[in-house]
Amino acid sequence: MKTLFSHPVWAMAFRPFYALAAVFGAVSILLWGFGYQGTADMPSFYWHAHEMIWGYAGAVVVGFLLTAVATWTGRPPTRGAALFGLTACWLLARIAMYFPHGAAVSGVLGTLFFGYAAVCMAIPVVESKNSRNYIAVVALAVFGLTHAVFHLYLEPFQAAALLNGMLAGLIMVAGFIGLVGMRIMPFFTAKRLGIPQVSSPMWVALSALVLPMLAAVLMLFQTAFTLVGLCAFAAGVVNLVQLFRWWHKQVLREPMLWILFAGYLFTALGLMVVGVAQWVPVYLSLGAHLIGVGGIGLLTVGMMARTALGHTGHPIYPAPSPMTLAFWLMVGATLVRALAAFVGGTAYTHSIRLSAALFAASLLLYAWRYIPWLTAPRADGKPG
Numbered sequence: 001m002k003t004l005f006s007h008p009v010w011a012m013a014f015r016p017f018y019a020l021a022a023v024f025g026a027v028s029i030l031l032w033g034f035g036y037q038g039t040a041d042m043p044s045f046y047w048h049a050h051e052m053i054w055g056y057a058g059a060v061v062v063g064f065l066l067t068a069v070a071t072w073t074g075r076p077p078t079r080g081a082a083l084f085g086l087t088a089c090w091l092l093a094r095i096a097m098y099f100p101h102g103a104a105v106s107g108v109l110g111t112l113f114f115g116y117a118a119v120c121m122a123i124p125v126v127e128s129k130n131s132r133n134y135i136a137v138v139a140l141a142v143f144g145l146t147h148a149v150f151h152l153y154l155e156p157f158q159a160a161a162l163l164n165g166m167l168a169g170l171i172m173v174a175g176f177i178g179l180v181g182m183r184i185m186p187f188f189t190a191k192r193l194g195i196p197q198v199s200s201p202m203w204v205a206l207s208a209l210v211l212p213m214l215a216a217v218l219m220l221f222q223t224a225f226t227l228v229g230l231c232a233f234a235a236g237v238v239n240l241v242q243l244f245r246w247w248h249k250q251v252l253r254e255p256m257l258w259i260l261f262a263g264y265l266f267t268a269l270g271l272m273v274v275g276v277a278q279w280v281p282v283y284l285s286l287g288a289h290l291i292g293v294g295g296i297g298l299l300t301v302g303m304m305a306r307t308a309l310g311h312t313g314h315p316i317y318p319a320p321s322p323m324t325l326a327f328w329l330m331v332g333a334t335l336v337r338a339l340a341a342f343v344g345g346t347a348y349t350h351s352i353r354l355s356a357a358l359f360a361a362s363l364l365l366y367a368w369r370y371i372p373w374l375t376a377p378r379a380d381g382k383p384g
């Protein structure tokens, strides 16, 4: 007998979370860009960072990891009622923000969401004795910790601590990008271009996640900022070196590849700038947005496009219309937001609005093309 939980959208985690992330990301960035003032207990600047880091990026990270872990371990994916409950937890955390005591309620729900997701990931990893992925489970739990501690700094309101909490969450997302990039970008590149896959030593792959994770934990507890800077800068260098090792000139001919390389590049540069900003704070905003718009924006739209095609049984290449346009719109959002760090007054305001509009347009194009696929059975008739 068919039930609510047998609907295709609850078959794998990427389905609800990619769809919700695309719509939510577009709406929330437009609200921020065009003057939304936040809520009584979470002013606009903090609301914007919170919802983009733990709301938008958090949804994509969880959707990707809970889908990928089934492949990594050979175990059944999180699906059905368990996936419905996880999705409801994320959605309620977003909605709760707009009610009395909303930040506190959202904080509890959001922390439960990340804890629940970490457990869902840990179960197949432990059952399969897949020790290689223990670090990913720990990282997801640490990401949830950054969310919880950020909310603790809201009451009583501690501006400096909140900024450090936001940066800790952002750096953790950069760590996930490093982890995922190390695992799939050489594979995707080699498979598409028909070239040998470039492998990386285990210590290099681990450092792409462990260095940002260490920086995030230190930042979270507001200590050893010199070490934070060194870890962030070193992580950026590691990612940059690996990117050049994976590079092939044919990448530029394939939008599904160059979007990933571009996002990885901006993540690496952003980590390096955030590292330098521990000594020269004026560069902090630039570094944060190189990661936030360039890294997260480009990687999420590119990864959601690439992985959703494979998991819904559609051809991966060439990129479906209008995704190449969506990719270029996100590149535009990144460049405009980076330039905004060097202007002031009305030019800054206009730059923020233009970047937000481009970011939203990219995600809305994704939503328009992909949501029908994300909510339908696989095109090839296979499960998932």
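Numbering (full-length UniProt numbering), first residue to last: 1 to 384.
Positions of the beta carbon are idealized from the N, C-alpha and C atoms, including for glycine.
In this text the structure is predicted, and so the values were computed from the model without any measurement.
In the DSSP annotation of this structure, the continuous segment of the alpha helix (DSSP H) that includes leucine 299 starts and ends at 298-311. Taking 8 Å as the cut-off, the beta carbon of phenylalanine 359 is found closer than this to the beta carbon of methionine 330. Closest in alpha carbon position to leucine 140, among Gly115, Val204 and Leu154, is Gly115.
At the C-beta level, tyrosine 153 and leucine 145 stay beyond 8 Å of one another. Where tryptophan 54 is concerned, there is no enclosing alpha helix (DSSP H), because DSSP gives it neither an H nor an E.
Counting along the chain, the unbroken alpha helix (DSSP H) around leucine 112 starts and ends at 102-127. Non-local beta-carbon contacts of alanine 341 in its own chain, meaning distances under 6 Å to residues more than five positions away in sequence, involve Ser285 and Leu286 in chain order. Nearest in C-alpha terms to leucine 179, of all of Gly55, Arg369 and Phe64, is Phe64.
The closest CA to that of methionine 121, considering only Phe157, Ile95 and Arg79, is found on Arg79. According to DSSP, residue pairing for methionine 42 in a beta bridge involves Thr39. For the 8 Å CB-CB criterion, alanine 232 and alanine 215 form a contact.
Of all alpha-carbon atoms in Phe113, Arg369 and Val274, the one lying nearest the alpha-carbon of leucine 92 is that of Phe113. Apart from the 5 residues on each side of it in sequence, alanine 308 sits with its Cβ closer than 7 Å to the Cβ of Phe14, Tyr18, Tyr370, Trp373 and Leu374 in its chain, given in chain order.
Annotated as distal: proline 16 and threonine 67, with beta-carbon spacing of 8 Å or more. Inter-residue distance for alanine 208 and valine 173 is about 11 Å (C-alpha atoms, whole angstroms). Closest in alpha carbon position to alanine 96, among Glu51, Pro76, Glu127 and Ser200, is Glu51. Assignment of histidine 7 by DSSP, reduced to helix, strand and coil, places it in the coil class. Apart from the 5 residues on each side of it in sequence, glycine 229 sits with its Cβ closer than 6 Å to the Cβ of Gly275 and Gln278 in its chain, given in chain order. Of all C-beta pairs linking the stretch 96-105 to the stretch 25-37, fewer than three are shorter than 8 Å, placing the two stretches out of contact.
Distances from the alpha-carbon of methionine 304 to those of Met256, Val138 and Arg75 put Met256 closest. Between valine 217 and histidine 151, the alpha-carbon positions lie close to 15 Å from each other. Taking C-alpha positions only, phenylalanine 24 is separated from alanine 40 by approximately 21 Å.
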